[in-house]
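Notes follow once the structure below has been shown.
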Amino acid sequence: MITYDSITKIYGKGNNAVTAIDDISFTIPKGEVVVFLGPSGCGKTTTLRLTNRLETLTRGNITIENQNIMDLDVVQLRQRLGYVIQAIGLFPNKTIAENIAVVPNLLRWDQARIKQRVDELLEITNLDPEQYRDRYPVELSGGQQQRVGVARGLAADPKILLMDEPFGAIDPINREEIQDEFLKLQSKLKKTVAFVSHDIHEAIKMGDRIAIFNQGKLVQYDTPEMILTQPKNKFVSDFVGADRALKVLGLMRVSGIINRKPKNIIQGADRAQAALHFLDTKESRYGIVLEKNKPIGFVTQKNLKYEEGPVRDVVEPYPIFISEKTTLRDVLSSMLMYSTPTFCVVDEDKNFIGTVTYNDIQKAVKASYADETENVENGVSS
Amino acid sequence: MNKILTKLYRIIIVVFILILGVTFERTGLIELLSDPYEYPVIIELCIQHLYMVSLSMTFATIIGITAGILLTKQRFRKYAGVCMYIIGLGQTIPSLAVLALAMSFLGIGMKPAVFALTIYSILPIARNTLAGITAVPPELIDAGKGMGMSPMRILMEVELPNAMEVILTGFRIALIINIGTAALAYVIGAGGLGDLIFTGISLMQTDKLLAGAIPVTLLALFADFLTELLGCALVSKGLRLSR
Amino acid sequence: MSTLQFIMDNFSQVMYLCWEHIWIVGIALLIATPIGVALGIVITKHEKFASKVLNGANILMTIPSLALFGLMLPILSIFNMGLGKVPAVIALVFYSQLPIIRNTYTAIKNVPPALVDAGRGLGMSRWRLLRELEIPLATPVIIAGLRTAAVMNIGVAAIATYIGAGGLGVYIQQGIARVYPEMILAGAILVSLLAILVDGGMALLERIATPEGIRVQRKLSR
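So this is what it looks like as structure tokens:
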């Protein structure tokens, strides 16, 4: 774990002095990904570079696993930390294998072990070792290069990774993919990661915790949920974005609000008038139609009014079904797209599990955030 | 690979033309070359020429590259502009003048010649070393530092390999100028192939003249070709591919 | 210094030799520039010749100057022009080709194609484009090429003394032959000064020729 203890960094002297970091203290717990987030010039990258002594502290201490970084030999310290940068920085004059092997070579591992490690790392970053080992960086696409960059950072199996906007130079589509891969990797490897980003979406997706910086100060240090639902001040809520509610929905899943026993279920074989009567007693303007426990669609009271036959003759099919793992944000998006306020939740075999309605979602959002510093928006009301 | 073939092609064409010109002239060059008295002299002058060139190039390369590297390091960076200007000035000075000046202070013979040649060859090498290393993308250095490479490691494994192509170009320019200037060294008493050329001119002996001029030309072209080969060996494949 | 004394004593001769030297270089540049610039422009339009022409000029420059003189001698002797200023000027013209052609080619190629496109879109004729956009932007680089050629030529002209072309090299040649140190130094120093002055002068010319906008741009990007 990494502890930042009242650190300050001042560039220059006298009147031209610039305080990049002003008395910041926080701790990165072991095995967690902490995202340093903030606008340009806020001090996030400086903090990262202070950690591997690429910059020097003006005041304060940084300790890694209870050792003060100033007590360690700087070159050895850096060899112990993984370092991945935005510009990727693969050495064009070395092959992919040689690039990855840089730190292991510095640590004098024997060649057999290095080769094995290189192949291992290429595998887990989804690059076929046979194909890519002897290639040169210039032959790879940006996304592939960055994967190699990550592999290089992990080469010596450091316990701690420092990443400075590592996915910034990749196009958005590949970026999604590589972020997902990294998260999968992290769930297996459980490294302690300090991750600099300026993108709130990336921070929410990647971080176990987020440290928000502004003008050299640490504004809030919390889990993504807390930052979204309880921003400390206007800066944080502005930075997070006015669509905070939607972002929170991105963190919540159907399984959290699903209604497993809705009152308005009717069977496809039921007769229309009987169903109509049934819905009346339940005070529901529409009904969910099931057949053999699989949803086939819905009917409104209006549809049923003049019908005589079975319900299934007038059923309107649902455009899509959702699963328990779907995020509420995606559900809301579908609701808007299909102008349908209710969806059915199904399992892999398309069996009915429950429903999610627009009202359910609204209630969930309201329950989750309490914001004293903002005016209540008039548009969102139930 | 393609570049080498083109260069070879060029050399072949020039050689061909040269030979053509010679045979056309029927200047008696062939007789001169097969004369058992003349032949060894020509060889010896060739060796003298090569000696001057290799010695001065060795010194110039060592000094030039070291100077180039030093001027890129933090401490000396402010001197870089001044140093380059001074060395540049040295190159503006005509080669003959440099030889003449060397002679004025060091006497005649091979020593002042090698000295002058060394001085004259330093600039292209030093300037290109400086430019090459400065042109290495800073994020590579940052990545290297961040991973825990020592400054010496970074120099050897990152900066020099990436600057090698530019440095070699400087080396090539210096070498070719060197070979040409070494031909002039005759006038300050240093021998070399210039002997044949100058003698040929003053005595109006075309065969002697050509016996000097053609080898020098071939030498220069061959040196060009050799440097290209050197490039293939020294410049990493990864860099060549990215051109 | 005795060298200074020497120069002052023979001032008129010094002036004459200087003039001779400048004359040779000047004539050569006068001939070489139109040829070089024209060739440079032509190969930007016809890419396939570009590499051949540049290679050719490169080979010319690879041949050591003295050897070039030597090679031309027998051929030109047929016309009784093997010695003297003529072969000197011819060799200088050959040598100047590479820097001039290459710089012209690079200069024109480096004019951002986006600008040419914009100009065409605005309705500028090919000729107009050349005159108002490409040439002003390319000129400084071309002058830089001329500068290289000029300085190089001064050096080669000094060597040309040995094939009877005259110029400041005479002092060096004669000085060595007569073991006259002051003369040697005078020759070496004078020709060096000439080279430095011409270099500086052309650098100034380069600056003057740089359009104001580019000069500012360069300053800001420093």
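Chains A, B and C, in that order, give the protein sequences. According to my numbering, the stretch in the first sequence is residues 80 to 461, in order. According to my numbering, the stretch in the second sequence is residues 915 to 1157, in order. According to my numbering, the stretch in the third sequence is residues 64 to 285, in order. Beta carbons: idealized from backbone N, C-alpha and C, even for Gly. Quick caveat: nothing in here was measured; it's all calculated off a predicted structure.
1) With the cut-off set at 9 Å, would you say residue 287 (chain A) and residue 427 (chain A) are in Cβ contact?
2) How should residue 446 (chain A) be labelled, buried or exposed, when 16 other C-beta atoms within 10 angstroms of its C-beta is the threshold for buried?
3) Roughly how many whole angstroms lie between the Cα atoms of residue 161 (chain C) and residue 1110 (chain B)?
4) Provide the residue span of the alpha helix (DSSP H) that contains residue 116 (chain A), from first to last.
5) Residue ranges of each beta strand (DSSP E) run of no fewer than 3 residues wholly in the stretch 93 to 162 of chain A, ordered along the chain?
6) Report back the beta-carbon spacing between residue 424 (chain A) and residue 434 (chain A) to the nearest angstrom; my notes put them in contact at under 8 Å.
7) Ends of the alpha helix (DSSP H) at residue 326 (chain A)?
8) Measure the alpha-carbon distance for residue 457 (chain A) versus residue 413 (chain A) and round it to whole angstroms.
9) Whose C-alpha, out of B:1055, B:1094, B:998 and B:927, is nearest the C-alpha of residue 125 (chain C)?
10) Can you confirm whether residue 1152 (chain B), when its beta carbon is compared against all beta carbons of chain A, has any partner nearer than 9 Å?
11) What span of residues does the alpha helix (DSSP H) with residue 1078 (chain B) cover, start to end?
12) Looking only at its own chain, which residues have a Cβ that is under 7 Å from the Cβ of residue 102 (chain C), when we skip the five neighbours before and after it?
13) Do residue 1039 (chain B) and residue 974 (chain B) come within 9 Å of each other at the CB atom, strictly closer than that value?
14) List, in order along the chain, the chain C residues whose C-beta lies closer than 7 Å to that of residue 1174 (chain B)?
15) Using a Cβ-Cβ cutoff of less than 6 Å, which residues in the same chain neighbour residue 230 (chain A) once the five nearest sequence positions on both sides are dropped?
16) Any beta carbon of chain A sitting closer than 9 Å to that of residue 1076 (chain B)?
17) For residue 1124 (chain B), which three-state DSSP category applies?
18) For residue 332 (chain A), which residues from the same chain have a beta carbon less than 8 Å from its beta carbon, with the 5 sequence-adjacent residues on both sides left out?
19) Taking residue 420 (chain A) as part of the alpha helix (DSSP H), name the residues at either end of that continuous run.
20) Just verifying my parser: in three-state terms, what is the DSSP assignment at residue 276 (chain A)?
21) For residue 152 (chain C) and chain B, any beta-carbon pair shorter than 9 Å?
22) Would you decide whether residue 183 (chain C) is buried or exposed? Buried here means 16 or more other CB atoms lie within 10 Å of its CB.
23) Look at the alpha carbon of residue 1152 (chain B) and the alpha carbon of residue 1053 (chain B), and state the distance between them as a whole number of angstroms.
24) Any residues in the stretch 102 to 132 of chain C with a beta carbon nearer than 9 Å to a beta carbon of chain B? Which ones, in chain order?
25) CA-CA distance, residue 1129 (chain B) and residue 1107 (chain B)?
26) Within 10 angstroms of the Cβ of residue 170 (chain C), are there 16 or more other Cβ atoms? Answer buried if so, exposed if not.
27) Taking the CB atoms as reference points, tell me whether residue 264 (chain C) and residue 84 (chain C) lie closer together than 9 Å.
28) Could you tell me which residues DSSP pairs with residue 261 (chain A) in its beta bridges?
29) Do residue 1061 (chain B) and residue 265 (chain A) have their C-beta atoms within less than 9 Å of each other?
30) At a Cβ threshold of 9 Å, is residue 95 (chain C) touching chain B?
31) Using 9 Å as the limit for Cβ to Cβ distance, is residue 1080 (chain B) near chain A?
32) For residue 1000 (chain B), return the contacting residues in chain C, with the cut-off set at a CB-CB distance below 7 Å.
33) Contact defined as beta carbons within less than 8 Å: I believe residue 217 (chain C) pairs with residue 261 (chain C). What is the distance between those atoms, to the nearest angstrom?
34) Near residue 316 (chain A), which residues of its chain fall below 6 Å by C-beta distance, leaving aside the five closest residues on each side in sequence?
35) Under the DSSP definition of a beta bridge, which residues are partnered with residue 300 (chain A)?
36) What residue range does the alpha helix (DSSP H) around residue 1015 (chain B) cover?
Working from what's here:
1) For the purposes of this step, residue 287 (chain A) is identified with residue 208 of the first sequence, where counting begins at 1. For the purposes of this step, residue 427 (chain A) is identified with residue 348 of the first sequence, where counting begins at 1. Not a contact, by the Cβ cut-off of 9 Å.
2) Residue numbering aside, residue 446 (chain A) sits at position 367 when the first sequence is read from its first letter. Result: exposed.
3) Counting from 1 along the third sequence, the entry for residue 161 (chain C) is found at position 98. Counting from 1 along the second sequence, the entry for residue 1110 (chain B) is found at position 196. Approximately 28 Å, taken between the alpha carbons.
4) Your numbering for residue 116 (chain A) matches position 37 in the first sequence. That residue, residue 116 (chain A), is in no alpha helix (DSSP H); its beta strand (DSSP E) goes 112 to 116.
5) 97 to 107, 112 to 116 and 138 to 143
6) Mapped onto the first sequence, residue 424 (chain A) falls at position 345. Mapped onto the first sequence, residue 434 (chain A) falls at position 355. 7 Å between Cβ atoms; contact.
7) Taking the first sequence and counting its residues from 1, one reaches residue 326 (chain A) at position 247. Per DSSP, residue 326 (chain A) belongs to the alpha helix (DSSP H) from 323 to 330.
8) Counted from its first residue, the first sequence places residue 457 (chain A) at position 378. Counted from its first residue, the first sequence places residue 413 (chain A) at position 334. Legend: pLDDT at residue 457 (chain A) = 38, less than 50; position of this residue unreliable, value from coordinates given subsequently. For residue 457 (chain A) and residue 413 (chain A), the distance between alpha carbons rounds to 23 Å.
9) Along the third sequence, one-based indexing puts residue 125 (chain C) at 62. If we check each option's Cα against that of residue 125 (chain C), B:1094 comes out closest.
10) Indexing the second sequence from 1 puts residue 1152 (chain B) at position 238. Yes - at least one Cβ of chain A is within 9 Å of the one on residue 1152 (chain B).
11) As a first step, residue 1078 (chain B) is located in the second sequence; it is residue number 164 there, counting from the start. Its alpha helix (DSSP H) spans residues 1074 to 1098.
12) Along the third sequence, read from residue 1 onward, the residue named residue 102 (chain C) stands at position 39. 116 and 164.
13) Translated into the one-based positions of the second sequence, residue 974 (chain B) becomes position 60. Translated into the one-based positions of the second sequence, residue 1039 (chain B) becomes position 125. Contact flag set, yes.
14) Outside the shown range of chain B (915 to 1157) lies residue 1174 (chain B), about which nothing can therefore be said.
15) As a working note, residue 230 (chain A) is residue 151 in the first sequence. So the qualifying residues of the chain are 179, 200 and 204.
16) For this step, residue 1076 (chain B) is matched to residue 162 along the second sequence. Chain A, which has a Cβ nearer than 9 Å to the Cβ of residue 1076 (chain B), makes this yes.
17) As a working note, residue 1124 (chain B) is residue 210 in the second sequence. Helix at residue 1124 (chain B).
18) Indexing the first sequence from 1 puts residue 332 (chain A) at position 253. Cβ neighbours of residue 332 (chain A) beyond the five flanking positions: 403, 404, 405, 406 and 407.
19) Counted from its first residue, the first sequence places residue 420 (chain A) at position 341. First-last for residue 420 (chain A): undefined, no H or E at that position.
20) Position 197 of the first sequence, counted from the start, is the residue given in the question as residue 276 (chain A). Strand at residue 276 (chain A).
21) On the third sequence, residue 152 (chain C) is found 89 positions in, with the first residue counted as 1. Taking Cβ atoms only, chain B never reaches closer than 9 Å to residue 152 (chain C), which makes this a no.
22) Locating residue 183 (chain C) in the third sequence gives position 120, where the first residue counts as 1. Counting Cβ neighbours within 10 Å, residue 183 (chain C) comes out exposed, since fewer than 16 surround it.
23) Taking the first residue of the second sequence as 1, we reach residue 1152 (chain B) at position 238. Taking the first residue of the second sequence as 1, we reach residue 1053 (chain B) at position 139. Straight-line Cα distance between these residues: approximately 17 Å.
24) 114, 118, 119, 121, 122, 124, 125, 126, 127, 128, 129, 130, 131 and 132
25) The count along the second sequence starts at 1 and reaches residue 1129 (chain B) at position 215. The count along the second sequence starts at 1 and reaches residue 1107 (chain B) at position 193. Taking the straight line joining both Cα atoms gives about 8 Å.
26) Sequence index remark: in the third sequence, residue 170 (chain C) carries index 107 (1-based). Buried, since its Cβ has 16 or more Cβ neighbours within 10 Å.
27) To locate residue 264 (chain C), count along the third sequence from 1; it is residue 201. To locate residue 84 (chain C), count along the third sequence from 1; it is residue 21. The answer is no: Cβ separation not under 9 Å.
28) Counting from 1 along the first sequence, the entry for residue 261 (chain A) is found at position 182. Looking at the DSSP assignment, residue 261 (chain A) forms no beta bridge with any residue, so it has no partner.
29) By 1-based counting over the second sequence, the position of residue 1061 (chain B) is 147. By 1-based counting over the first sequence, the position of residue 265 (chain A) is 186. Cβ distance not < 9 Å, so residue 1061 (chain B) and residue 265 (chain A) don't count as in contact.
30) Looking up residue 95 (chain C) in the third sequence gives position 32. So, not an interface residue.
31) Within the second sequence, the letter at position 166 stands for residue 1080 (chain B). It does not; no Cβ of chain A falls within 9 Å.
32) For the purposes of this step, residue 1000 (chain B) is identified with residue 86 of the second sequence, where counting begins at 1. Chain C residues near residue 1000 (chain B): none, gap ~12 Å exceeds 7 Å.
33) Taking the third sequence and counting its residues from 1, one reaches residue 217 (chain C) at position 154. Taking the third sequence and counting its residues from 1, one reaches residue 261 (chain C) at position 198. Going by Cβ atoms, the distance from residue 217 (chain C) to residue 261 (chain C) rounds to 6 Å, so yes, they are a contact pair.
34) Within the first sequence, the letter at position 237 stands for residue 316 (chain A). Around residue 316 (chain A): 310.
35) The count along the first sequence starts at 1 and reaches residue 300 (chain A) at position 221. A:290, per the DSSP bridge assignment.
36) Within the second sequence, numbered from 1, the residue matching residue 1015 (chain B) stands at position 101. Its alpha helix (DSSP H) spans residues 1009 to 1020.
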